[in-house]
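Comments concern the structure below.
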Amino acid sequence: MSNAEITERLEEAIELMELLDVNSFKINAYRKLIQSIEADSRQIQSLSSEEISASFSKGMSLVLQSLVEQGTFAELSEMEKEIPFGVRTMLRINGIGPKKIRTLWKDAGIESLPKLKEACIASQVSQLKGFGEKIQQGILDGIAFLETVHGRLLMHKADKLADKLESDWEKSGISGGIRTGDFAMHSETFSGLDFLFPLEKRNQMKDWFGENPSFKLIEENSGPFHLRFWNETEEFNVCLHFAGKEDFEKTRFMLETEKGHWVKASQAGIPLYSEWKKTGNNADLYSNLGWPAVPAELRNGTFEWSPEFPEKVKNLINYKDLKGCLHNHSTWSDGKNSIRQMADWCINQGWDYFGIADHSQTARYANGLNEDRVFSQWAEIDALNTEFGQNFRILKGIESDILGDGSLDYTDDILSQFDYVVASVHSIMKMDIRTATSRIIKAVENPFTSILGHCSGRILLKRSGYPLDYEKVIDACTANHVAIELNAHPSRLDMDWQNLARAIDKGAIIAINPDAHEDAGMAYMQHGVWMARKAGAPKELVLNAFNRQGLIQFLQLKNKSIA
DNA sequence: GCCGTTTTCGGCCCGACTGTTTTCAGTCG
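For the first sequence, my numbering begins at 105 and goes up steadily by one.
Here you go:
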């Protein structure tokens with residue numbers, strides 16, 4: 105059992121303990137265990153029992169040993185027997201937590217999402233103690249949202265699942281498949297895992313899945329050139345596509361192109377479809393049409409058939425253009441790595457600077473920094489910068505909470521001393537479009553705000569975020585020299601690329617930020633670059649592609665003493 | 001579950017907001 109599998113089992117255990125109302129400090133102990141496993145460079149399964157006992161507390165050592173040997177531990181198996189799977193799925197509903205779910209389960213006998221939905225529609229839930237009309241409606245809204253995201257995957261999760269499948273296939277001697285569909289198009293979220301195989305592999309693949317009990321064949325979505333499977337335990341689709349040698353590239357192009365790309369081409373009088381049928385491979389397709397090649401992530405009908413496209417595609421941001429990133433967390437707040445470790449990761453990328461923007465004082469839950477701790481952090485950064493010399497620079501930022509009224513949570517005096525300020529919303533997320541927009545605009549108009557962080561507050565597949573009047577927010581950002589963050593974390597990707605395209609048309613400056621809580625989290629910059637490309641971001645508008653001097657000049661526009 | 005104590009149990013932790021209530025439990029970031 106790998107460390108990742110161990111922490112996954114521990115997370116399951118935590119979920120179940122919350123439902124059973126186990127002492128929260130005990131649950132916390134399990135959370136801390138997960139953190140220490142993640143921070144440990146060793147594989148637990150390769151340690152002797154003595155080494156495990158020496159590294160973890162007594163109780164947790166027993167849990168880990170049992171996990172390594174049996175894949176579970178006594179308390180977890182007990183809880184799994186006690187709690188129906190359907191009850192656990194209720195935890196995904198926003199706005200209700202373990203206590204309320206426990207009431208629904210124990211007092212009302214509701215054990216699945218469909219049953220819960222029925223009970224809400226019949227107004228039975230609002231009659232329960234501690235529930236009312238609003239909570240009942242919130243549950244219905246939550247279930248409706250879950251229905252729209254059912255079976256969808258975040259891009260980094262899809263990658264992990266695909267890695268696992270491919271390694272299992274390799275062990276079974278299966279080769280020749282390639283990732284396609286959402287993988288190639290770098291879709292915001294995935295409808296499933298798409299693979300394309302040579303046609304002669306069809307029977308072999310069908311047999312492999314037939315022997316794997318966690319996958320169920322979906323007959324109605326399968327045919328001679330497709331096999332679709334549903335993984336019931338982890339709730340995701342796998343779609344295998346098959347094509348003969350002649351059609352392989354042609355099929356691949358079809359799978360990696362959204363409808364909008366075809367429609368826009370046809371509207372512009374470009375014979376894409378007939379050329380695709382004739383050419384059969386995408387290497388020659390665009391040159392035959394007299395267009396520059398369109399990479400899969402851009403084939404979605406947004407801007408690729410415009411007269412400006414040939415010029416625009418040449419200037420699009422690429423990963424290699426990046427020179428640093430500005431929204432990251434360290435052990436000073438809720439990150440896993442020290443400032444130095446984070447900076448070292450950036451140096452290894454060949455980057456020019458690293459910006460730290462830990463949580464501000466309102467974010468107590470995330471160990472946000474009060475004024476005194478801000479000063480201590482600056483002292484640490486000054487010392488590191490002296491050591492690094494001119495070759496590399498750590499910038500002093502902060503992710504300052506946008507309070508309910510749109511103000512930031514430090515005095516102007518403190519705000520002015522940061523090199524830059526990322527202003528973000530973390531609380532009071534239930535707002536109508538007017539209130540939310542004016543709150544955000546007030547934060548953008550703050551003379552010390554440099555970057556507007558994850559502007560919608562959405563968490564992909566989990567919550568939709570508050571509504572915003574994007575025209576007004578974008579205009580406020582350009583008027584106030586505030587860069588718009590493209591939060592590159594795969595569960596945020598916020599501002600979304602469609603609205604970002606509008607911002608780019610207005611000349612807004614984009615800051616691609618990983619919101620990293622550990623050094624490896626900065627690798628999500630790649631996901632941000634894909635989204636920026638979808639939005640048509642040229643490198644001239646991406647703050648992270650500015651050289652250090654250019655970056656500092658931009659930040660100096662906002663009343664900063666940075667030099 | 002862990003920790004540290006004039007140790008064998010009590011404290012550990014985080015405040016704002018919401019929707020229930022009619023003083024507070026539950027949820028969230």
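Glycine is no exception: its CB is placed at the ideal position from the N, C-alpha and C atoms.
Report the start-end ranges of each alpha helix (DSSP H) in the region 201 to 271 that is 4 residues or longer and not cut off at the edges.
Listed in chain order, the complete alpha helix (DSSP H) runs (minimum 4 residues) inside the region 201 to 271 are 202 to 210, 217 to 225, 237 to 253.
In three-state DSSP terms, what is residue 536?
In the three-state scheme derived from DSSP, where H, G and I count as helix and E and B as strand, residue 536 is classed as coil.
For the beta strand (DSSP E) that contains residue 462, what are its first and last residues?
In the DSSP assignment, residue 462 falls within the unbroken beta strand (DSSP E) covering 457 to 463.
Let me confirm a value: residue 254 is counted as buried when at least 16 other C-beta atoms fall within 10 Å, else exposed. Which label applies?
Residue burial is scored here from C-beta neighbours: residue 254 has fewer than 16 other C-beta atoms within 10 angstroms and is therefore classed as exposed.
So, with DSSP's three-state summary, where would you put residue 486?
In this structure, residue 486 counts as helix in the three-state DSSP scheme.
Using the Cβ count rule (16 or more neighbours within 10 Å means buried), how would you classify residue 363?
Answer is exposed; the Cβ neighbour count stays below 16.
So the candidates are 237, 656, 277, 287; which of them puts its Cα closest to the Cα of residue 260?
For the options 237, 656, 277, 287, the alpha carbon positioned closest to that of residue 260 is the one of 287.
Enumerated in chain order, which unbroken segments of the beta strand (DSSP E) with a length of 3 residues or greater are wholly contained in the region 406 to 446?
Unbroken beta strand (DSSP E) runs of no fewer than 3 residues, entirely contained in the region 406 to 446, are not found.
Can you look up residue 589 in the DSSP assignment and give me helix, strand or coil?
DSSP, read as helix, strand or coil, puts residue 589 in strand.
Inter-stretch contact at 8 Å, needing at least 3 Cβ pairs: the region 245 to 254 / the region 273 to 287
They do not touch, by the three-pair rule.
Could you tell me how far apart the beta carbons of residue 507 and residue 513 are, in whole angstroms, since I believe they sit closer than 8 Å?
About 6 Å; that satisfies the 8 Å criterion.
In this structure, what does DSSP give as the bridge partners for residue 528?
Answer is 505.
Keeping to the same chain, check which residues put their C-beta closer than 6 Å to that of residue 224; ignore five residues upstream and five downstream.
Excluding sequence neighbours, residue 224 sits near 240, 243, 244.
Contact between the region 551 to 564 and the region 590 to 600 (3+ Cβ pairs under 8 Å)
Note that the region 551 to 564 touches the region 590 to 600; at least 3 beta-carbon pairs, one per stretch, sit closer than 8 Å.
Between which two residues does the beta strand (DSSP E) harbouring residue 81 extend?
This structure cannot settle anything about residue 81, because the visible part of the chain is limited to 105 through 667.
Please confirm whether residue 152 and residue 165 have their CB atoms less than 7 Å apart.
For residue 152 and residue 165, no; Cβs fall outside 7 Å.
Could you name the residues that DSSP lists as bridge partners for residue 196?
In DSSP, residue 196 forms no bridge with anything.
The region 326 to 337 in contact with the region 372 to 388 per 3-pair CB rule at 8 Å
These segments do not touch.
Report the three-state DSSP secondary structure of residue 541 (helix, strand or coil).
Here residue 541 sits in helix by DSSP.
What do you reckon, are the CB atoms on residue 632 and residue 407 nearer than 7 Å?
It is not a contact, given that the beta carbons lie outside the stated cut-off.
CA nearest to the CA of residue 289, picked from 194, 636, 662:
The shortest Cα separation from residue 289 among 194, 636, 662 belongs to 636.
Strictly by DSSP, which residues pair up with residue 334?
DSSP, once it has assigned bridges, lists 320, 341 as partnering residue 334.
Reduced DSSP secondary structure (H/G/I, E/B, other) of residue 327
Correct three-state label for residue 327: strand.
Assuming residue 321 contacts residue 330 under a Cβ cut-off of 8 Å, what Cβ separation, rounded to an integer in Å, is found between them?
Actually they do not touch by this definition, with Cβ atoms about 11 Å apart.
Residue from 270, 257, 199 whose Cα sits closest to the Cα of residue 236:
The shortest C-alpha separation from residue 236 is found at 199.
For residue 282, three-class secondary structure by DSSP:
Three-state result, residue 282: strand.
Between the region 452 to 463 and the region 496 to 503, do three or more beta carbon pairs fall short of 8 Å?
Flag = yes, the region 452 to 463 and the region 496 to 503 touch.
Under 8 Å Cβ to Cβ from residue 642, same chain only, skipping five residues before and after it: list those, please.
Excluding sequence neighbours, residue 642 sits near 416, 419, 420, 421, 608.
What residue does the beta strand (DSSP E) around residue 617 start on, and which one ends it?
614 to 617 is the extent of the beta strand (DSSP E) around residue 617.
Taking all protein chains shown into account, decide if residue 367 is buried (16 or more other Cβ within 10 angstroms of its Cβ) or exposed.
So residue 367 counts as exposed.
Which residue or residues does DSSP assign as beta-bridge partners of residue 500?
In the DSSP output, where bridge partners are listed per residue, residue 500 has 460.
Residue 517 by DSSP, collapsed to three states: which one?
DSSP, reduced to helix, strand and coil, places residue 517 within a helical segment of the structure shown.
If you pair each beta-carbon of the region 195 to 214 with each one of the region 162 to 179, do three or more pairs fall below 8 Å?
Contact between the region 195 to 214 and the region 162 to 179 is absent, because fewer than three Cβ pairs lie under 8 Å.
Report the partner residues of residue 298 according to the DSSP bridge assignment.
In DSSP, residue 298 forms a bridge with 284, 343.
Would residue 543 be called buried (16 or more neighbouring beta carbons within 10 Å of its own) or exposed?
Note on residue 543: 16 or more other CB atoms within 10 angstroms of its CB, so buried under the neighbour-count rule.
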